[in-house]
Amino acid sequence: VRRSYHEKVLDHYNNPRNVGSMGKNEKDVGTGLVGAPACGDVMKIQIKVDPNNDTITDVKFKTFGCGSAIASSSYLTELVKGMTLEQAGRIRNTEIAKELCLPPVKLHCSMLAEDGIKSAIANYYKKNPKAKATDLGGTGATMPRIEVELPADSPSVAT
Ligand code: FES
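Going left to right, the sequence shown walks through residues 40 to 198 as the UniProt record's numbering numbers them.
And the structure:
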């Protein structure tokens, strides 16, 4: 029997955590909507932020995509709940891919989750520009550039 998916992927796929939506017009909600051009899969990540301590108090996702994309977003939501925006912004797709044992051709699915949380954080900062100035110590730092971290020997996959 060919096992395409690791059991952790199947677990998240069968019991996805934090599926749903939040009001995207709420001031304390950041919405990220990202897509993978190669496969057409789309992921929406939403975070609710406590403005007092910059912490993610709730998170929801909706993913129209493959099992690895669904599992990546489900795992991401578990990971970021309770994190500060700064911590969540530092999550790398490789971390997600490692946890879910994704094969190289499925790395771009975990990339979608990294892009999704970054996009949600950026959207929150856009709605709350003051939060960014204060929380990043007024350095005017911008969101880190999105990097694709593929092993050098992997076949080229679209991201
Ligand atoms: Fe494109 Fe998984 S195949 S996100």
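Every residue gets a Cβ at the ideal spot worked out from N, C-alpha and C, and that includes glycine. Just so it is clear, the structure is predicted and the values come from calculations on it, not from any experiment.
- The residue among CYS148, GLY79 and ARG129 with its C-alpha nearest the C-alpha of ALA136 is CYS148.
- Sixteen is the threshold: when 16 or more other Cβ atoms of the shown chains lie within 10 Å of the Cβ of SER113, as they do, the residue is buried.
- Within the chosen limit of 7 Å, the ligand FES does not reach the beta carbon of SER158 with any heavy atom.
- Here LYS63 is exposed: its Cβ has fewer than 16 other Cβ atoms, across all protein chains shown, within 10 Å.
- Here the alpha carbons of ALA170 and PHE100 stand approximately 23 Å from one another.
- The Cβ neighbour count for SER107, taken over all protein chains shown within 10 Å, is at least 16; the residue is labelled buried.
- Shown here for LYS47: same chain residues with a beta carbon closer than 6 Å to its own, the five before and five after excluded, namely LEU139 in chain order.
- Boundaries of the alpha helix (DSSP H) around MET150: 146-166.
- Take GLY59, set aside five residues on each side of it, and the residues of its chain with a beta-carbon closer than 6 Å to its own are LYS99, in chain order.
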